[in-house]
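2 protein chains.
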Amino acid sequence: MRYAGTISKRNNNNMKVTINDVARLAGVSMKTVSRVMNNEPSVRKKTSDKVMAAVKELNYKPNLAARSLAGTKSFAIGLVYSNPNAYYVIDMQNGILSRCKEEGYELLIHPCSSTDENVLDEIQTMIERSRLSGLVLTPPLSEREDVIELLDSLNINYVRILSGREPTEQEGKSNAIFVNDHDAAYQITEHLISLGHKHIAFITGEEEHKSTLERLAGYKAALSEHNISLDESLIFPGKYSFESGVEGAKAIMAKNSKVTAIFACNDEIAAGALFASRLMDIKIPEQLSITGFEDSPFSKQTWPKLTTAHQSNQDIATQAAKLLFANSRPTKIKEEKMAVCFTPELVVRDSTGHIA
Amino acid sequence: MRYAGTISKRNNNNMKVTINDVARLAGVSMKTVSRVMNNEPSVRKKTSDKVMAAVKELNYKPNLAARSLAGTKSFAIGLVYSNPNAYYVIDMQNGILSRCKEEGYELLIHPCSSTDENVLDEIQTMIERSRLSGLVLTPPLSEREDVIELLDSLNINYVRILSGREPTEQEGKSNAIFVNDHDAAYQITEHLISLGHKHIAFITGEEEHKSTLERLAGYKAALSEHNISLDESLIFPGKYSFESGVEGAKAIMAKNSKVTAIFACNDEIAAGALFASRLMDIKIPEQLSITGFEDSPFSKQTWPKLTTAHQSNQDIATQAAKLLFANSRPTKIKEEKMAVCFTPELVVRDSTGHIA
DNA sequence: TTGTCAATTGACAGCGTTGTCATTTTTACT
DNA sequence: AGTAAAAATGACAACGCTGTCAATTGACAA
Chain A
343 MRYAGTISKR
353 NNNNMKVTIN
363 DVARLAGVSM
373 KTVSRVMNNE
383 PSVRKKTSDK
393 VMAAVKELNY
403 KPNLAARSLA
413 GTKSFAIGLV
423 YSNPNAYYVI
433 DMQNGILSRC
443 KEEGYELLIH
453 PCSSTDENVL
463 DEIQTMIERS
473 RLSGLVLTPP
483 LSEREDVIEL
493 LDSLNINYVR
503 ILSGREPTEQ
513 EGKSNAIFVN
523 DHDAAYQITE
533 HLISLGHKHI
543 AFITGEEEHK
553 STLERLAGYK
563 AALSEHNISL
573 DESLIFPGKY
583 SFESGVEGAK
593 AIMAKNSKVT
603 AIFACNDEIA
613 AGALFASRLM
623 DIKIPEQLSI
633 TGFEDSPFSK
643 QTWPKLTTAH
653 QSNQDIATQA
663 AKLLFANSRP
673 TKIKEEKMAV
683 CFTPELVVRD
693 STGHIA
Chain B
343 MRYAGTISKR
353 NNNNMKVTIN
363 DVARLAGVSM
373 KTVSRVMNNE
383 PSVRKKTSDK
393 VMAAVKELNY
403 KPNLAARSLA
413 GTKSFAIGLV
423 YSNPNAYYVI
433 DMQNGILSRC
443 KEEGYELLIH
453 PCSSTDENVL
463 DEIQTMIERS
473 RLSGLVLTPP
483 LSEREDVIEL
493 LDSLNINYVR
503 ILSGREPTEQ
513 EGKSNAIFVN
523 DHDAAYQITE
533 HLISLGHKHI
543 AFITGEEEHK
553 STLERLAGYK
563 AALSEHNISL
573 DESLIFPGKY
583 SFESGVEGAK
593 AIMAKNSKVT
603 AIFACNDEIA
613 AGALFASRLM
623 DIKIPEQLSI
633 TGFEDSPFSK
643 QTWPKLTTAH
653 QSNQDIATQA
663 AKLLFANSRP
673 TKIKEEKMAV
683 CFTPELVVRD
693 STGHIA
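As they're listed, the protein sequences go chains A and B. The letter at position 302 of the first sequence is residue 644 when you use my numbering, and the numbering goes up by one with no holes. The letter at position 316 of the second sequence is residue 658 when you use my numbering, and the numbering goes up by one with no holes.
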């Protein structure tokens, strides 16, 4: 395979180009070059041009290590997650990365298991050894008080991605992105109700995840709003996994013949429920409607395609990163309005239908 | 949620602890502390103990930026990929990360689109600004000559993950991990043949991917070995995507009624073929057998479950990282034998069956 | 005990930037 | 033109660590 683009005049003289080289070529001091590189004010246009020309000619790239050692910024932020969902994680990474690229930052990723006792130490070590200038936290880590306490005590800038509608009573007001699982779940449930379903089962995710609680709450709110009495026995405690969906659907169908719809707490569970339905020879959506949540790529690939709630994790991540950088900026607040609350949208596909 | 583990005596005095502090407390020079931290020889056990004690007491963590600036190592390696498959990428990251953790390195991830003209520049910039000490390349980037040329000219240590059986004629002998797609494809095809199939269609991935060619070659080899004449019209040029599988299966079944099996170049394609079969009301595996490749998580979640070839991307990635670190070690070669060739293994599930 | 050589340790410069603060240049007025 | 204030620029130390090389210590043989 051959490189298709323009052959760029790559500077491969193999010698490190330092700020000093640029300064000499441009006929200014190192400090001035530094100013230009950092977009600091108080540099004459003419000077700046000279410097930029020299930078281009030498193909100069500031050394991040030196920059972070000498300065106060570190040019790296971290992403800590314990979420096993590959699609979710990739979207998060890409969303944050897109913003990092603009800011010239690097992203250090740090997967960890939330059950591991050492998470706190790991996070602290990560922050201290790399002198991270910020951190993005995803659920369920973002919901852990001890993690937040640690970050506060470390005096580090962070943004949490949270399930909820509003900055809660907690202080965490300006450094969180909210995903309104409640209202999305409400919509899904309402959709089911509008199709005539009255006996709607619910398969939950891990109860440690706030999203589980929020979605469940939205479901309950919709039922109540439409005067459908809540039947606690229709709520099956599960995990955010395919297997959980399989089990859940089996259990539900086995013990309750009245159920005509299942609200799965995410797409994986829904896919599992779909699978179980096949096993039990239950026709979807003719005999049973199933809904997912998240709109993962595979929700379009199941048979039938899943009705679900679409949330763009990449957008959420980008906003989180934006917020992080905005907060770390020296008081230049509110440079642009930022969405801090996302409500996933109902996407009706083929796994839900009118009650028979 | 509350932190379950032992409450560690966290040193949150908020003051940076430097190597100098440790040196003073231990009553040695900074250089000696440095030696201990880097496991250099020529440090008396007694001295080392003193230092370690001080390190622990102060909860000292070496500053990566300073380390990389002063020393020759950078404590960061990079992972460059243009692969859209979330599962693949996550596995790669985790595999590499597990090794990085042991070595105390950080991982910088760098997704990029292989069609982008700027990949070369991006890679170069990434390497130079972070002074990366190594790079792991995944297909298809790892197969691009121009990328390799660039890395060589940059004089950077790298490991490629390649599709193939052996270090090819090319120089790249000691810095590549091979995935033997050919033999795995051979096995899959043989499996199909053993079930009585003689008209086996093949849906390819992007032809720029060497894996596509290797898998196709394995398929052809198996056919030939079993005296089944190759029918080029049964080869459907596709992409590594679900949609491609849908289209491919439709096209194949539309124009050739003799086909009883489809070899899909990966699981996504297979899932798409499965989906299309449902659309066309074709029973799997009774009327048609379908095989995947890679054993993605969802290959156990399709209906029916996919027969595929299992490859542990995480292991592959770990080996790649191992090789990378081994190569960068100053001539301490062959510290442990390393697997450099992986052959995915046939996993028979429910999407293949005897010919009717 | 003393000398010799290897093992251990330390002093110090320097990695490539930026922060601080002093100096020079420009601008805006009288 | 002359002056004060503002703007632009530069000199230099410092960031926290490791490489180099010199100094010290210990081990061992004579």
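Note that the Cβ used here is the ideal one computed from N, Cα and C, for glycine as well. Since we're looking at a predicted model, the values are computed, not measured.
DSSP state of B:H533 mapped onto helix, strand, coil
helix
Reducing DSSP to helix, strand and coil, say where B:L558 ends up.
helix
Leaving out the 5 sequence neighbours to the left and right, which residues in its chain are closer than 7 Å to A:T685 when beta-carbon positions are compared?
N522, D525 and A526
Give every residue of the same chain whose Cβ lies closer than 6 Å to the Cβ of B:V337, excluding the five residues on either side of it in the sequence, and list them in chain order.
Because chain B is modelled from 343 through 698, residue 337 of chain B falls outside the range shown and cannot be assessed.
Taking all protein chains shown into account, decide if B:E677 is buried (16 or more other Cβ within 10 angstroms of its Cβ) or exposed.
Low confidence applies to B:E677: its pLDDT is 46, below 50, so where it sits in the model is not reliable, and the reading given next is rough at best. Exposed: under 16 other Cβ atoms inside 10 Å.
Among A:L439, A:P426, A:Y429 and A:S424, the one whose alpha carbon lies nearest that of A:A418:
A:L439
DSSP-derived helix/strand/coil call for A:N402:
Inspection of the sequence shows that residue 402 of chain A is occupied by Tyr rather than by Asn. The answer is coil: DSSP assigns A:Y402 none of H, G, I, E or B.
Can you list, in chain order, the residues of its chain with a C-beta nearer than 6 Å to that of B:R377? Leave out the 5 residues immediately preceding and following it.
V385
Give the DSSP bridge partners of B:Y500, in chain order.
B:L477
Any C-beta of chain B under 8 Å from that of A:K403:
yes
Applying a beta-carbon distance threshold of less than 7 Å, which residues of chain A neighbour B:Q435?
I451
Step through the CB atoms of chain A and report whether any lies within less than 8 Å of the CB of B:A346.
With a pLDDT of only 36 at B:A346, under the threshold of 50, the placement of this residue in the model should not be trusted; the figure read from the coordinates follows. Interface residue, yes.
So is the beta-carbon of A:E508 under 7 Å away from any non-hydrogen atom of the ligand PLP?
With respect to the ligand PLP, the structure offers nothing, as it holds no ligand at all.
A:N499 to B:D488, Cα distance in whole Å?
40 Å
Distance cutoff 8 Å, beta carbons only. Does B:Y528 sit that close to anything in chain A?
no
What does the alpha-carbon distance come out to for the pair A:V501 and A:G476?
8 Å
Spell out the partners DSSP gives B:S631 in its beta bridges.
B:A603
Is A:E513 close to chain B, meaning its C-beta is less than 8 Å from at least one C-beta of that chain?
Its pLDDT being 46, under 50, A:E513 is placed unreliably by the model, and nothing is read from it.
Would the beta-carbon of A:K552 fall within 8 Å of that of A:S505?
yes
Around the Cβ of B:H696, are there at least 16 other Cβ atoms within 10 angstroms (buried) or fewer (exposed)?
exposed
So is B:L439 in contact with chain A if we call contact Cβ pairs under 8 Å?
yes
Taking the C-alpha atoms as reference points, what is the distance between A:A698 and B:A651?
41 Å
Sort A:S566, A:Y528 and A:N569 by Cα distance to A:R557 and report the nearest one.
A:Y528
For chain B, is any of its Cβ atoms less than 8 Å away from the one on A:Y429?
yes
B:A618 burial status per 10 Å Cβ neighbour count (16 or more: buried)
buried
CA nearest to the CA of B:P481, picked from B:C454, B:P627 and B:G413
B:C454
For B:F544 and chain A, any beta-carbon pair shorter than 8 Å?
no
Can you tell me whether DSSP reads B:S641 as helix, strand or coil?
helix
Does the structure place the segment 584-593 of chain B close enough to the segment 658-669 of chain B that three or more beta carbon pairs sit under 8 Å?
no
Could you please give the first and the last residue of the uninterrupted beta strand (DSSP E) stretch that includes B:E448?
E448 to P453
If you reduce the DSSP assignment to three classes, tell me which class A:T389 lands in.
helix
Determine the chain B residues that contact A:L493 at a beta-carbon separation under 9 Å, and present them in chain order.
By Cβ distance, chain B contributes nothing, its closest Cβ being about 11 Å from A:L493, past 9 Å.
Grab the span of the beta strand (DSSP E) containing B:G538 for me, first residue to last.
B:G538 -> no beta strand (DSSP E), and no H or E assigned at all.
So A:S586 and A:I545 are supposed to be a Cβ contact under 8 Å. How far apart are they, rounded?
7 Å
Tell me the rounded alpha-carbon separation between B:V689 and B:I594.
24 Å
A:G580 to A:G560 span [Cα, whole Å]:
17 Å
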